[in-house]
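Number of protein chains: 2
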Amino acid sequence: MNQRTSDATLPNRGLALQRRTYTIGDLAKMFEVTPRTIRFYEQEGLLAPQRRGQTRIYREKDRVRLKLTLRGKRLGFSLAEIREVVEMYDAMPDGNARQLKRLLEILADKRANLERQLEDIRLMHRELDDVETRARDVLSNLENTLGD
Amino acid sequence: MNQRTSDATLPNRGLALQRRTYTIGDLAKMFEVTPRTIRFYEQEGLLAPQRRGQTRIYREKDRVRLKLTLRGKRLGFSLAEIREVVEMYDAMPDGNARQLKRLLEILADKRANLERQLEDIRLMHRELDDVETRARDVLSNLENTLGD
DNA sequence: GCCGAGGTTTACGTTAACGTAAAGTGTCTG
DNA sequence: CAGACACTTTACGTTAACGTAAACCTCGGC
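Just so you know, the protein sequences line up as chains X and Y, in that order.
full-length UniProt numbering puts the first sequence at residues 1 to 148.
full-length UniProt numbering puts the second sequence at residues 1 to 148.
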C-alpha cells in the first residue's frame, strides 16, 4: 500500500529503494525488544507485516512504524492511542472529512500533551538540579569534616 | 471543614508559615485524582501524612510530594522510581556518602531519560506536523472537488 | 537424516496501578 | 437524634502490556 512513490510503472529499476526486509529477530535486536513484544504489537493492530508462508517479513515501512510506536511509548502514550493515530494515518487517502477532522482533533490533543510534558520536564529538571546541589553540598561537608 | 485557618490561636508568630492543612478529599479535587489513588501512594511509601485520630491530615510538604509524584507519572516514571528519589531526598541530611553517590547516579539516570524524552518530543512534534499537513491537504482537496 | 537456530501458535501467568464494593467510624446539621 | 456525608480499612477485581511455557514447523549445514 502507498507505493505512490512508485513512478507507477517502475518494474525493476536497479535502485532497490525499499527492498530490504527484516526478520522478527532482526527488529527485536535492533530496538532491544523481544519478538513477543513485536507480535503483540501486531496483534494490537500496530503492525501488519507480510508473510512468507508462515513467517513474518518486515519491510522499511514496518520498521518505521515500530520505531514510532516505541517512541510513543517512551512518551507515555498507550498502545491504543498510538494505534488511533497510525490507523488514521493509513486511512487518510480515502478518508472522509469527518475522519480527517477527528484526526486533527486527536493531533491537537497529542500536541497539548507534548506541551505539558515539555513543561513537566523543565520543572523536573530544576528539581533534579536542586536535589543534586543539596546532595553535593552534604557530600562535600562530609568530606571536609572527615579530618577532625 | 478546615477551620484551622484560625491564625488567631497561633501562639508564636502571626506568620503562619506552613500551617495550612488539607483533607484527602481536598487534595483529590485539587489534583483531579481519587482518594483511593492518594491512599495507594501512601501505601507505596510516597506519602506519609499525619493522623488526627484515624483521619489523614496533609500539610504543604505532602501536597508538594503529591504534585511531584504526579508530575513524575506524567513523565512515565513508575511509582517505584519516584519513591526511590523521594526517599533518598528525605534521607539526605543523615545520608552517608555511599547513599549520596547512589542518589547522584539515579539523578544522572533520570536526567538522561529526560534528554531522550526531549528528543522524542521534538521528533514526535515533526511527525504530528507532517500528519497534520497531509490531513489538511486532503481535506482542502475534498472541499475543492465538492462542486464538480 | 538429524540437529540446532530460528520461526510459529495457543494459552495461561504476572506486574503495576489503581477501581470497586462492603462495612464500619466521626462529625456536623436540621 | 437521625440522616447525610466524608472519612476509614480490608479485600477482591480489572486493565494494559507484555513474560513464559509447551508443542509445533522448517531450513541450512554437517
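Note that the Cβ used here is the ideal one computed from N, Cα and C, for glycine as well.
If we ignore side chains and look at the alpha-carbon of each, how far apart do Y:M124 and Y:R134 end up? 15 angstroms
Do we get a CB-CB distance below 9 angstroms when we pair Y:M30 with the residues of chain X? No, because no Cβ of chain X sits closer than 9 angstroms to the Cβ of Y:M30.
Can you tell me whether Y:M88 is buried or exposed, with buried defined as 16 or more other CB within 10 angstroms of its CB? buried
Does X:R36 pass the burial test, meaning 16 or more other C-beta atoms within 10 Å, or should it be called exposed? exposed
Please compile the residues from chain X whose C-beta is within a distance smaller than 7 angstroms of the C-beta of residue 149 of chain Y. With chain Y covering only 1 through 148, there is no way to say anything about residue 149 of chain Y.
Does the contact criterion of 3 or more C-beta pairs under 8 angstroms hold for the stretch 54-73 of chain Y versus the stretch 95-107 of chain Y? Between the stretch 54-73 of chain Y and the stretch 95-107 of chain Y there are fewer than three C-beta pairs closer than 8 angstroms, too few to call the two in contact.
What is the DSSP secondary structure of X:Q50, counted as helix, strand or coil? The DSSP-derived three-state label of X:Q50 is strand.
Please tell me whether Y:L47 and Y:T69 are closer than 9 angstroms, where the distance is taken between their beta carbons. One thing to note: Y:L47 has its Cβ within 9 angstroms of the Cβ of Y:T69.
So, is the C-beta of X:L118 closer than 9 angstroms to a C-beta in chain Y? yes
Are the CB atoms of Y:L79 and Y:E44 within a distance shorter than 9 angstroms? yes
Residue range of the beta strand (DSSP E) that X:T55 falls in? Counting along the chain, the beta strand (DSSP E) containing X:T55 begins and ends at T55 to R59.
Smallest Cα separation from Y:R111: which of Y:R126, Y:V85 and Y:R136? Y:V85
List in chain order: all unbroken alpha helix (DSSP H) runs of 4+ residues lying wholly within the stretch 67-133 of chain Y. 79-91
Does the separation of the CB atoms of residue 178 of chain X and Y:Q117 fall below 9 angstroms? Residue 178 of chain X is absent from the structure shown; chain X starts at 1 and stops at 148.
What three-state label does DSSP hand X:T34 in the structure shown? coil
Nearest candidate by alpha-carbon position, reference X:D109, set X:I82, X:E32 and X:A28: X:I82
I need the DSSP call for Y:T145, collapsed to helix, strand or coil. helix
Does DSSP put Y:N2 in a helix, a strand or coil? Its pLDDT being 39, under 50, Y:N2 is placed unreliably by the model, and the measurement read from it follows with that caveat. Of the three classes helix, strand and coil, the one that applies to Y:N2 here is coil, per DSSP.
is_contact[Y:E127, chain X] using C-beta, thresh 9 angstroms: yes
Which bits of chain X does Y:L123 rub up against, with CB to CB less than 8 angstroms? Going along chain X in sequence order, the residues near Y:L123 (Cβ under 8 angstroms) are R71.
Taking the alpha-carbon positions, what's the Y:M30 to Y:R59 distance? Roughly 14 angstroms between the two C-alpha positions.
Can the beta-carbon of Y:T23 be found less than 9 angstroms from the beta-carbon of Y:R56? yes
C-alpha distance - X:F77 paired with Y:K73, whole-angstrom precision: 12 angstroms
Drop a sphere of 10 angstroms on the beta-carbon of Y:L27, count the other beta-carbons inside from all chains shown, and report buried for 16 or more, exposed for fewer. buried
State buried or exposed for X:S140, treating a residue as buried only when at least 16 other CB atoms are found within 10 Å of its CB. exposed
Alpha carbon to alpha carbon, what distance is there between X:R71 and X:R52? Taking C-alpha positions only, X:R52 is separated from X:R71 by approximately 28 angstroms.
What is the DSSP secondary structure of Y:D137, counted as helix, strand or coil? helix
Given Y:A91, which residues of its chain have a CB within under 8 angstroms of its CB, disregarding the five upstream and five downstream residues? Q99
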